[in-house]
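A short write-up of the structure that comes next.
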Amino acid sequence: MARPHIEPLDESWVPWRKLDLPGFPRGIEYRTLSFDDDTGAISAVAKFEAGYSQPPGFSRSSMEIVVMDGYLKVGDRRCGFGFYFYVPAGVSLPRIETPEGARVLLFYNDSEPSFVESDAHADGISPDAQPTIVDSVSDLSWSETHLFPATEKGCLVKIVRWDEETHALSFFYTMVPGFWQDNVSYHDCMEEAYHIYGTSWIMQFGYLGTGGYFYRPPYIGHGPFACEHGCLAFGRTDGELYNHFNWNPFATPEENHRRAVEKMKKRRPNMFTWEYRRSDEMWVP
Ligand SMILES: [Fe+2]
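Under the working numbering, read the sequence shown as residues 1 to 285, first letter to last.
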């Protein structure tokens, strides 16, 4: 089945395992945060040992990396705290080394982790294809989310990836000390997040501290929420992040889904027809 709802998870509850899949050099350990047992896709915390060295190569899955401790030497570039990588499937990265070790968030989006040693991209991938590499600390400023309806002021983001086709987001976010939002939210998309530093609180699921994680499928209500001392986190969605705000903290995902459909019927009637009646005899183009 697809990934279940996991919330909250503390990474310290998960054992470290050696990543000894075929193709990978030895020297990586990982903790699974969530895992799709249909596809092998995974979200994990990973540690590269000091002296780790990986030759140029690509993954058969698109992947994302967030550097949390230490640095990765990628080709000639030193990529330390706050660096973000999006690497499309089949796009070759230069040699990666971790002279002093490093700790990262590691996401394989489409299938199980894989590594194929190669100076060139995989067959069928344009030689011009490039990974996205962002130094989120030096190159980006914190900004309001610009979502509407929006979260309360004081929840700020650095968006490092926005997928043009799906509107999926990858982003760092911070809640300032004293942040408080008094309503409940749910979304039409999945959202997941990992707390790099600090603690936040959500009424339904309690406290999420440093090393805390959640994987939240669509339509699961969450909120009110608060952050007393400030936090830094990294989050992702698999579609457009629309805040369906409401005041029922205990509505079921099925109830929330129905309310979202009713809202869509009013707000986007043509989209509603397309989405919910295309296989129905009532379908009228
Ligand atoms: Fe949310």
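Heads up, the beta-carbon is just placed ideally off N, CA and C, and yes, glycines get one too. Computed from a prediction, not measured in an experiment: that's the story for all the values here.
Taking DSSP as the reference, what is the three-state secondary structure of F225? Taking the first residue of the sequence shown as 1, we reach residue 225 at position 225. F225: strand per DSSP, three-state reduction.
So, at 8 angstroms on beta carbons, what are the nonlocal neighbours of V116 in its own chain, with the 5 sequence-adjacent residues on each side left out? One-based indexing of the sequence shown puts residue 116 at position 116. Result list for V116: G23, G57, F58, S59, R60, A122, in chain order.
Reference N256; option with closest CA among N270, H229, I220: Along the sequence shown, one-based indexing puts residue 256 at 256. Closest by alpha carbon: I220.
From F272, D163, L147, H5, pick the residue whose C-alpha is nearest to that of L241; which is it? In the sequence shown, the residue the question calls residue 241 occupies position 241. The shortest C-alpha separation from L241 is found at L147.
Check each candidate in G82, R77, G90, K47 and name the one with the smallest Cα separation from M63. Looking up residue 63 in the sequence shown gives position 63. Check the Cα spacing between M63 and each of G82, R77, G90, K47: the tightest is with G90.
Same chain only: Cβ atoms within 6 angstroms of W73, ignoring 5 sequence neighbours per side: As a working mapping, residue 73 is identified with position 73 in the sequence shown. Inspection of the sequence shows that residue 73 is occupied by Lys rather than by Trp. Closer than 6 angstroms at Cβ, skipping near neighbours: E97.
Return the chain-ordered list of same chain residues with a C-beta closer than 6 angstroms to the C-beta of V261, the five sequence neighbours on each side being excluded. Position 261 of the sequence shown holds residue 261. Answer for V261: no residue qualifies.
Go ahead and label P269 buried or exposed: buried means 16 or more other beta carbons lie within 10 angstroms of its beta carbon, across all protein chains shown. Taking the first residue of the sequence shown as position 1, residue 269 is located at position 269. Exposed: under 16 other Cβ atoms inside 10 Å.
Suppose the cutoff is 6 angstroms on Cβ atoms and the five residues either side in sequence are ignored; what does the same chain contact list for T210 look like? By one-based count along the sequence shown, residue 210 stands at place 210. Answer for T210: H195, Y197, listed in chain order.
Looking at the unbroken beta strand (DSSP E) that takes in P8, where does it start and where does it end? Position 8 of the sequence shown, counting from 1, holds the residue named residue 8. Note, P8: beta strand (DSSP E), 6-10.
Please work out which residues of its chain come closer than 7 angstroms, Cβ to Cβ, to D110, disregarding the five sequence neighbours upstream and downstream, and give them in chain order. Sequence index remark: in the sequence shown, residue 110 carries index 110 (1-based). Closer than 7 angstroms at the Cβ level, and outside the excluded window around D110, lie T39, A41, S61, S62, A89.
Express the C-alpha separation of S118 and S141 in angstroms, rounding to a whole number. Numbered from its first residue, the sequence shown carries residue 141 at position 141. Numbered from its first residue, the sequence shown carries residue 118 at position 118. Their backbone Cα atoms lie some 35 angstroms apart in a straight line.
Work out the CA separation of M203 and W180 for me, nearest whole Å. Numbered from its first residue, the sequence shown carries residue 180 at position 180. Numbered from its first residue, the sequence shown carries residue 203 at position 203. Each residue's Cα considered, the two are about 12 angstroms apart.
Below 6 angstroms CB to CB, which residues in the same chain sit around V284 once its five sequence neighbours on both sides are set aside? Counted from its first residue, the sequence shown places residue 284 at position 284. In this predicted model, V284 has a pLDDT of only 45, less than 50, meaning its place in the structure is not dependable enough to derive any value.
Among D128, M68, P131, the one whose alpha carbon lies nearest that of V104: In the sequence shown, the residue the question calls residue 104 occupies position 104. Answer by Cα proximity: M68.
Residues that A231 bridges to, as DSSP identifies them: Position 231 of the sequence shown holds residue 231. Checking the displayed sequence, the identity of residue 231 turns out to be Cys instead of Ala. Answer by DSSP bridge pairing, in chain order: M175, G198.
Relative to the C-alpha of F35, which candidate in L93, Y108, K18 has its C-alpha closest? Taking the sequence shown and counting its residues from 1, the one referred to as residue 35 is at position 35. The option with the nearest alpha carbon to F35 is Y108.
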